[in-house]
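> If you scroll down you'll find the structure; I have some questions about it.
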Amino acid sequence: MLRFVLYRLGVVIPTFLGVTIFAFSLIRLIPGDPIELMVGERGIEPARHAELRAQYGFDKPLVQQYAIYLGGVLEGDLGRSIVTKQPVLDEFLAVFPATVELALSAILFALVFGLPAGVLAASRRGTAADHAVMGVAITGYSMPVFWWGLLMILLFSVTLDWTPVSGRIDVLYFIEPVTGFMLIDTLLAGDRAAFVSALRHLILPAIVLGTIPLAVIARMTRSSMLEVLGEDYIRTARAKGLSRFRVIWLHALRNALIPVVTVIGLQVGLLLSGTILTETIFSWPGLGKWLVESINRRDYPVLQGGVLLVACLIIFVNLSVDLLYGLINPRIRRAQ
Amino acid sequence: MKRISLTAIVLAATVATVPAHAAKTLVFCSEGSPEGFNPSLYSSGTTFDASARNVYSRLVEFERGSTKIVPGLAESWTVSEDGLVYTFKLRKGVKFHTTSYFTPSRDFNADDVLYSFNRQWKKDHPYHKVSGGNYQYFASMGMPKLLKSIEKVDAMTVRFTLTKPEAPFIANMAMPFASIMSKEYADKMAAAKTMDKVDLLPVGTGPFQYVAYRKDAVIRYKAHPDYYEGKAKIDNLVFAITKDASVRWAKLKAGECHVMPYPNPADIEAMRKHPDINLLQQEGLNVGYLAYNVKKKPFGNVKVRQALTMAINRDAIIKAVFRGAGKVAKNPIPPTIWSYNEATKAYPYDPAAAKKLLAEAGYPKGFSTDIWAMPVQRPYNPNARRMAEMIQADWAAIGVKAKIVTYEWGEYLKRSIKNSEHTTILLGWTGDNGDPDNFLHVLLGCDGAKKGGINLARWCYKPFDDLIVQAKRTPNVAKRTALYKKAQILFKQQAPWATIAHSIVFKPVRKNVVDFRIDPFGGHVFYGVDLK
Numbered sequence: 001m002l003r004f005v006l007y008r009l010g011v012v013i014p015t016f017l018g019v020t021i022f023a024f025s026l027i028r029l030i031p032g033d034p035i036e037l038m039v040g041e042r043g044i045e046p047a048r049h050a051e052l053r054a055q056y057g058f059d060k061p062l063v064q065q066y067a068i069y070l071g072g073v074l075e076g077d078l079g080r081s082i083v084t085k086q087p088v089l090d091e092f093l094a095v096f097p098a099t100v101e102l103a104l105s106a107i108l109f110a111l112v113f114g115l116p117a118g119v120l121a122a123s124r125r126g127t128a129a130d131h132a133v134m135g136v137a138i139t140g141y142s143m144p145v146f147w148w149g150l151l152m153i154l155l156f157s158v159t160l161d162w163t164p165v166s167g168r169i170d171v172l173y174f175i176e177p178v179t180g181f182m183l184i185d186t187l188l189a190g191d192r193a194a195f196v197s198a199l200r201h202l203i204l205p206a207i208v209l210g211t212i213p214l215a216v217i218a219r220m221t222r223s224s225m226l227e228v229l230g231e232d233y234i235r236t237a238r239a240k241g242l243s244r245f246r247v248i249w250l251h252a253l254r255n256a257l258i259p260v261v262t263v264i265g266l267q268v269g270l271l272l273s274g275t276i277l278t279e280t281i282f283s284w285p286g287l288g289k290w291l292v293e294s295i296n297r298r299d300y301p302v303l304q305g306g307v308l309l310v311a312c313l314i315i316f317v318n319l320s321v322d323l324l325y326g327l328i329n330p331r332i333r334r335a336q
Numbered sequence: 001m002k003r004i005s006l007t008a009i010v011l012a013a014t015v016a017t018v019p020a021h022a023a024k025t026l027v028f029c030s031e032g033s034p035e036g037f038n039p040s041l042y043s044s045g046t047t048f049d050a051s052a053r054n055v056y057s058r059l060v061e062f063e064r065g066s067t068k069i070v071p072g073l074a075e076s077w078t079v080s081e082d083g084l085v086y087t088f089k090l091r092k093g094v095k096f097h098t099t100s101y102f103t104p105s106r107d108f109n110a111d112d113v114l115y116s117f118n119r120q121w122k123k124d125h126p127y128h129k130v131s132g133g134n135y136q137y138f139a140s141m142g143m144p145k146l147l148k149s150i151e152k153v154d155a156m157t158v159r160f161t162l163t164k165p166e167a168p169f170i171a172n173m174a175m176p177f178a179s180i181m182s183k184e185y186a187d188k189m190a191a192a193k194t195m196d197k198v199d200l201l202p203v204g205t206g207p208f209q210y211v212a213y214r215k216d217a218v219i220r221y222k223a224h225p226d227y228y229e230g231k232a233k234i235d236n237l238v239f240a241i242t243k244d245a246s247v248r249w250a251k252l253k254a255g256e257c258h259v260m261p262y263p264n265p266a267d268i269e270a271m272r273k274h275p276d277i278n279l280l281q282q283e284g285l286n287v288g289y290l291a292y293n294v295k296k297k298p299f300g301n302v303k304v305r306q307a308l309t310m311a312i313n314r315d316a317i318i319k320a321v322f323r324g325a326g327k328v329a330k331n332p333i334p335p336t337i338w339s340y341n342e343a344t345k346a347y348p349y350d351p352a353a354a355k356k357l358l359a360e361a362g363y364p365k366g367f368s369t370d371i372w373a374m375p376v377q378r379p380y381n382p383n384a385r386r387m388a389e390m391i392q393a394d395w396a397a398i399g400v401k402a403k404i405v406t407y408e409w410g411e412y413l414k415r416s417i418k419n420s421e422h423t424t425i426l427l428g429w430t431g432d433n434g435d436p437d438n439f440l441h442v443l444l445g446c447d448g449a450k451k452g453g454i455n456l457a458r459w460c461y462k463p464f465d466d467l468i469v470q471a472k473r474t475p476n477v478a479k480r481t482a483l484y485k486k487a488q489i490l491f492k493q494q495a496p497w498a499t500i501a502h503s504i505v506f507k508p509v510r511k512n513v514v515d516f517r518i519d520p521f522g523g524h525v526f527y528g529v530d531l532k
């Protein structure tokens, strides 16, 4: 197990280097100069333009710029945003908890509904229940997020007035961020009403963001369960006279979970980086919105730093998933 | 957790609406996050709304809802005979905001004025380089070359001396970049070695004071109790940052905000009919145009320019591209600006006459050219690509084959403004200070016609330039008006642009909002607004 962990960590270093080069060069490949974008149709005097480029270090050769950037990263300095002049790491830490809170809620929603739905469909293969679950799953999977989100807002927020339209909490509350997780911070502040408000704000975005993972998890659980249910030991268990409930939920599900966990791991990675649309619709002040804005403004330090941090996270999540396999299935642990 | 009021919290916990009683809180669903809170460092309207227009005041101000200049922190001012010296008498007893991070010990005075301008102007000022030190508007309004000196005559009198007579100078003093900041606060932050705080935690003399900001989520303000014109009618002002226009509209309908900017054109009809919404509208202070690069063949020929202009069906463009939210432009300045010449005649849409004119110019079979179309939505042009396609079809009818060219926005600006690669180009302008000079001299004067300048027609026509330069040097508004009216006639004859449209700005507000006025500069000013 230790060797396995060390091996995995060893692979991580070249991946990091690759990500820094990738993030650094990709944003520079996009045409457009941050200073020209800042001034827009107003234009700027060439002398002033050159002066500003020098100030931000854009006049140096790319290789030198990269070396300076990498040197900063190794010292833990990701630079400052060209636009807001704030340290990239500070900005990241301000928006990241919002995304994690949303992503975790979405995954929780997907798991709570997706797993039982998949098990149900598998155990009643070919019945109306199976078709219904799979039909809903495929619809959920194909739904364009933007449309789905607006539809939910129109129904639940505008027509029924059950949930707020957007934001993380009602504008009347002002919660000092401690952890950055609104649900936790409202509890720490000891304000129950604020907690309820934060929870109500979380419902729709979590459902919208969790819809696709829910569909994926339900489908994966179903096919994986079907495979396991055909195994000899399941027949043995049934022959032993175990109840249908015990066979399915204790014997079959545990083994069927392995591919499902992989999928969940991948989904968490996707959710962390792929919340852009959901965050835009629900005005959720998270990572996705922050990064998209930095692309639009050609805010090189923010984009480089942001991509690097997200990449680290995804690597970390994947690593955790690998380790989790070992916990679920001892044979994998030994094989390593 | 700061409690706003018990009623508010109980209400918020039960229904997601904003209570209008108890403390009056107005919620504005703003379109984005400000870049910072010092308006002299930035150029976006979003940043100006969050800082200059509600938190700061200036020596002179634009009257709310108009482009008229009225006294602000300066009670009065005088201009010398030669138009070079402006002397401002400052208002007494004006208080800066008392906030959790700064308590002022003195009232506003001349030192604050000197600090606010010298920071932007003097490269050796201790604050000059703080927060990047890029004073965009100070530079683009030509202030560094225009200013000769700024002197404190006494504690309540400031004298600006210019290097040349410049009548629009007074309008510049009402612009966001000319906001007055506290020198005492700056000194305190310098002593604490936290100079960049002055640009993040604002202290001004404006009607609202900063309380808190969460990036991409919310900005909170409260009314400045000692504002020199009296405390605002609302107690709290909240910017709920909501980037998507459909979501802003949903929030407005649900009562989660009172005012929203930039509605989707497709939602306008529904807004007009909604029982809880008032839809305000006004012509924008802007112009969208197609500039002919006269330095490139065959656009140096005035007949070609006139013919191409006459071939464009602008009414169809207003319908298809602006969906009614626009008005055909005949002059290069919008009708809301003084000196707009009502007497000029718009070029008629007349393909037959255009074809004839083109033949006279030596192109009976037409020619091939490009139309540059912006990749982004701007207030003066909601869909440049579509507009270019319509012009392309109109020109094809008179034998001119046009290829549509487009680049990413930054690249587009670079290739046109900096490199002059364009032939005909769609672009536009939103006024900065409500002065005709800001359109006519900036966009059509000889100064901007060289590479790097923003006169994209690269049109330098001496009779026209003489008029606008003379108008710039004349402080008398009546005389200036006459000069600008003449200049518009010359512009019309020479047709360096096909003027396309002025947009119409829509602003949906909830019915309980009292006396919100559309700002001609595209901003959102909440002083004077009340809630029923």
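Sequences listed follow chains A and B, in order.
Taking the numbering used here, the leading residue of the first sequence gets 1, the next gets one more, and so forth.
Taking the numbering used here, the leading residue of the second sequence gets 1, the next gets one more, and so forth.
All residues carry an ideal CB built from backbone N, CA and C; glycine is no exception.
Tell me the rounded alpha-carbon separation between A:G126 and B:I504.
Spanning the two alpha carbons is a distance of roughly 59 Å.
> Ordered along the chain, which non-local residues of its own chain (more than five positions away) have a Cβ less than 6 Å from that of B:V79?
Once the five neighbours on either side are set aside, the close Cβ partners of B:V79 are Y86 and P475.
> On a CA-only basis, which of B:Y527, B:M175, B:N109 and B:M143 is nearest B:A155? Give me that one, please.
That would be B:N109, whose Cα lies nearest to the Cα of B:A155.
> Give the residues of chain B in contact with A:P46, contact being defined as C-beta atoms less than 9 Å apart.
Going along chain B in sequence order, the residues near A:P46 (Cβ under 9 Å) are K418, K451 and G452.
> Would you kindly report the start and end of the unbroken beta strand (DSSP E) that includes B:S503?
Note, B:S503: beta strand (DSSP E), W497 to R510.
> Hey, does B:D515 have any beta-carbon neighbour from chain A nearer than 8 Å?
No, because no Cβ of chain A sits closer than 8 Å to the Cβ of B:D515.
> With a cut-off of 8 Å, do at least 3 Cβ pairs link the region 282–292 of chain B to the region 310–317 of chain A?
These segments do not touch.
> Taking Cβ positions only, does A:A224 come closer than 8 Å to chain B?
According to the sequence provided, residue 224 of chain A is Ser. The question's Ala does not apply to it. Not closer than 8 Å to any Cβ of chain B, the Cβ of A:S224 fails to qualify, so no.
> Look up B:Y213 in the DSSP assignment and give the residues it is bridged to.
According to DSSP, which records beta bridges pairwise, B:Y213 is partnered with B:I219.
> Using beta carbons (cut-off 8 Å, strictly below), is A:V39 in contact with chain B?
For A:V39, the answer is yes, since a Cβ of chain B falls inside 8 Å of its Cβ.
> Helix, strand or coil for A:R8 per DSSP?
Note: A:R8 maps to helix in three-state DSSP.
> Give me the DSSP bridge partner(s) of B:F62.
Partner(s): B:I69.
> Which residues share a DSSP beta bridge with B:Y86?
Partner(s): B:V79 and B:F160.
> To the nearest angstrom, report how far apart B:G428 and B:N381 are at their CA atoms.
Computed Cα separation, rounded: 7 Å.
> Tell me the rounded alpha-carbon separation between A:I107 and A:L209.
Distance between the alpha carbons of A:I107 and A:L209 is about 8 Å.
> Got a sec, what are the start and stop residues for the alpha helix (DSSP H) A:T340 sits in?
Summary: the structure shown does not reach residue 340 of chain A, with chain A confined to residues 1 through 336, and so no result is reported for it.
> Hey, how far is the Cα of B:I404 from the Cα of B:Q488?
The straight-line gap from Cα to Cα measures roughly 29 Å.
> Could you say which of A:S224, A:Q267, A:L266 and A:G269 lies nearest to A:A252 if we only look at CA atoms?
Selected option, being the one with the closest Cα: A:S224.
> Can you give me the Cβ contacts of A:L199 inside the same chain, cut-off strictly under 8 Å, excluding the 5 residues immediately before and after it?
Around A:L199: L183.
> Considering only C-alpha positions, which residue in the set B:T99, B:T67 and B:D82 is nearest to B:L201?
Out of B:T99, B:T67 and B:D82, B:T99 has the C-alpha closest to the C-alpha of B:L201.
> Whole angstroms is fine: what's the gap from B:D124's alpha carbon to B:M181's?
Cα to Cα, the separation comes out at about 19 Å.
> Name, going along the chain, the residues of the region 198–218 of chain B whose beta-carbon falls closer than 7 Å to a beta-carbon of chain A.
Here the close residues are A212, R214, K215, D216, A217 and V218.
> What does B:Q281 touch in chain A if you count any residue whose Cβ is under 9 Å from its own?
Ordered by position in chain A, no residue passes the 9 Å Cβ test against B:Q281, which lies about 23 Å from the chain.
> Grouping DSSP H, G and I as helix and E and B as strand, with all else coil, what is B:A186?
DSSP places B:A186 in helix when its eight states are reduced to three.
> With a threshold of 8 Å on Cβ separation, who are the neighbours of B:D315 within its own chain once the five nearest residues in sequence on each side are excluded?
Contacts found: V328 and Y349.
> Chain B beta carbons: is any one of them nearer than 8 Å to that of A:E101?
No - not a single Cβ of chain B is within 8 Å of the one on A:E101.
> How many Å lie between B:M390 and B:A307 at the Cα?
Each residue's alpha carbon lies about 16 Å from the other.
> Chain A partners of B:S43, CB-CB under 8 Å?
Per Cβ cutoff of 8 Å: M38, V39, G40 and R42.
> Considering B:L427, what are the terminal residues of the beta strand (DSSP E) in which it resides?
Residues T424 to T430.
> Considering only the beta carbon of each residue, do A:V73 and A:L308 sit closer than 8 Å?
Yes, they are a contact pair.
> Taking the alpha carbon of B:R91 as the point to measure from, which residue in B:V158, B:K492, B:W409 and B:L252 has its own alpha carbon closest?
Cα-wise, what sits closest to B:R91 is B:V158.
> Which of the three DSSP states, helix, strand or coil, is assigned to B:H21?
Low confidence applies to B:H21: its pLDDT is 47, below 50, so where it sits in the model is not reliable, and the reading given next is rough at best. B:H21 falls in the coil class under three-state DSSP.
> For a cutoff of 8 Å on Cβ pairs, would you count A:G118 as touching chain B?
No, no contact with chain B.
> Would you check if there are 3 or more beta carbon pairs closer than 8 Å linking the region 50–66 of chain B to the region 141–150 of chain B?
The answer is no - the region 141–150 of chain B does not touch the region 50–66 of chain B, with fewer than three Cβ pairs under 8 Å.
> Which same chain residues, not among the five before or five after B:H422, have their C-beta less than 6 Å away from its C-beta?
Excluding residues within five positions, the ones whose Cβ falls inside 6 Å are N293, W372 and S416.
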